[in-house]
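Student: I have a structure here, written as structure tokens, and I will follow up with some questions on it.
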Amino acid sequence: MNTKSLNLLVLFLFLGIYFILDYLFFAPLQSMIINYVQSRFLGHVLTYSISLVPLLLGAMLLKPKGQNEFLEKFGLKGNFLQGLSFGIIATLPMFLGYAFVFTLNRKIDPNTLLINSVSSGFFEEMIFRAYFFGLVFRYTRLGFIPSILATSLLFALLHLYQSQDLGELVLIFGMTFFGSILFSWSYAEWKFNLWIPVTLHVLMNSAWMIFDVSDNAAGNVWSNFFRFLTIIVAIIMTIVHSRKSNGGLQIERKNLWLKD
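Heads up, the sequence shown is in the numbering used here, so the first residue is 807 and it goes up one at a time.
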């Protein structure tokens, strides 16, 4: 078995181990930690940090090995300020639009806001963008399309808990599926700087929660209009950056399906 095939096997094996352990132990472990630290947000962060151990082990087994292995493989060596400025500019349409159309959500508490925006946004990007998409795309022969489809399908399915209505479920699946594609594509085009999708994800979630927009990811006409504007801004910024800094887009025909 060649190196890239072995890498693919390792990545999926440890991803499977992660989801099994997450299903069995995440909720009771989180409850125990929250009782100990007396903070729902801190408990959520600590539980997620512990749950990532299988993915960290899987990433460490990939070949070839290099310096600053962990930070580089998970995109954490990227420029944080670059990611922050990208996220702020891209989400301006959502924050400004929602401030004009909707009222502030006065029911939300700080712990819920921090958990569902900062903590969930960061750890979901670590799992789905850095590990599931990024490492599969970078360390195996699979190209952008098979890497992105597997990641986005699972990412969307895991967000279907938000509703029982069939119409809303279809919208939630579509929004999260294509949102995952945007996060992954921008991650690749910004030279695997994880802070790009992290800040975009966190700030989009924050805008959705700070204002009384919707109870789930489906949204309504106005919420999706401003979300669509944010997506357009993010795409334009990414294309301009790639053409100026990289000499063109990184995702192209030769790496869409399989790589040499």
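Just so it is clear, CB atoms sit at the ideal spot from N, CA and C, and this is done for glycine as well.
Which one or two residues does DSSP pair with Leu948 in a beta bridge?
Tutor: Its beta-bridge partners are Leu1064.
Student: Would you report the Cα separation of Thr1044 and Tyr842, rounded to the nearest angstrom?
Tutor: The straight-line gap from Cα to Cα measures roughly 43 Å.
Student: When you compare the CB positions of Gly884 and Leu1000, do they come within less than 8 Å of one another, or not?
Tutor: The answer is yes: Cβ separation under 8 Å.
Student: Ala1013 lies in the alpha helix (DSSP H); which residues open and close that run?
Tutor: Looking at the DSSP string, the run of the alpha helix (DSSP H) that includes Ala1013 is 1001 to 1016.
Student: Taking C-alpha atoms, which residue in Ile921, Ile933, Gly903 lies nearest to Gly822?
Tutor: With distances taken between Cα atoms, Gly822 lies closest to Ile933.
Student: Considering only C-alpha positions, which residue in the set Phe825, Glu974, Leu877 is nearest to Ile856?
Tutor: Ranking Phe825, Glu974, Leu877 by Cα distance to Ile856 puts Phe825 first.
Student: Just list the residues that DSSP pairs Leu910 with in beta bridges.
Tutor: Paired residues: Phe1017.
Student: Quick check on Ala833: buried or exposed, where buried means 16 or more other Cβ atoms within 10 Å of its Cβ?
Tutor: The residue in question, Ala833, is exposed, as its Cβ has fewer than 16 Cβ neighbours within 10 Å.
Student: Compare the C-alpha of Leu948 against each of Leu815, Val924, Val1004, Leu1064 and name the closest.
Tutor: When each option's Cα is compared against that of Leu948, the closest is Leu1064.
Student: Tell me where the alpha helix (DSSP H) around Pro834 begins and ends.
Tutor: It spans 809 to 843 - the alpha helix (DSSP H) in which Pro834 sits, taken as one unbroken run.
Student: List the endpoints of the continuous alpha helix (DSSP H) containing His850.
Tutor: Run containing His850: 846 to 857, per the alpha helix (DSSP H) assignment.
Student: Relative to the C-alpha of Phe984, which residue among Phe1017, Ala1024, Met838 is closest?
Tutor: That would be Ala1024, whose Cα lies nearest to the Cα of Phe984.
Student: Given a cut-off of 8 Å on the beta-carbon distance, is the pair Phe989 and His1007 in contact?
Tutor: In this structure, His1007 lies closer than 8 Å to Phe989 by Cβ.
Student: For Ile1002 versus Ser1012, is the C-beta distance shorter than 8 Å?
Tutor: No, they are not a contact pair.
Student: Roughly how many angstroms separate the alpha carbons of Ser891 and Lys869, rounded to a whole number?
Tutor: Cα to Cα, Ser891 sits roughly 33 Å from Lys869.
Student: Are the stretch 894 to 909 and the stretch 849 to 863 touching, with three or more C-beta to C-beta distances below 8 Å?
Tutor: Taking 8 Å as the limit for Cβ pairs, the verdict is that the stretch 849 to 863 does not touch the stretch 894 to 909.
Student: Excluding the 5 residues flanking Ile1037 on each side, which residues of the same chain have their C-beta closer than 7 Å to its C-beta?
Tutor: If we look at Ile1037 and ignore the five residues flanking it on each side, its Cβ neighbours are Leu988.
Student: In whole angstroms, what is the alpha-carbon distance linking Arg944 and Asn1061?
Tutor: So the two alpha carbons sit approximately 10 Å from each other.
Student: Hey, quick one: how far does the alpha helix (DSSP H) through Gly980 stretch, first residue to last?
Tutor: Counting along the chain, the alpha helix (DSSP H) containing Gly980 begins and ends at 972 to 995.
Student: In whole angstroms, give me the CA-to-CA distance for Lys871 and Ser1051.
Tutor: Taking the straight line from one Cα to the other gives about 26 Å.
Student: Suppose you measure from the CA of Leu920 to the CA of Phe847; what does that come to, to the nearest Å?
Tutor: Going from the Cα of Leu920 to the Cα of Phe847 covers about 6 Å.
Student: From Phe758 to Leu827, what distance separates their C-alpha atoms?
Tutor: With the chain running from 807 to 1066 in the structure shown, residue 758 is simply not present.
Student: CB-CB under 6 Å to Leu1056, same chain, minus the five flanking residues each way: which ones, in chain order?
Tutor: Contrary to the premise, residue 1056 reads as Gln rather than Leu in this sequence. Excluding residues within five positions, the ones whose Cβ falls inside 6 Å are Ala994, Glu995.
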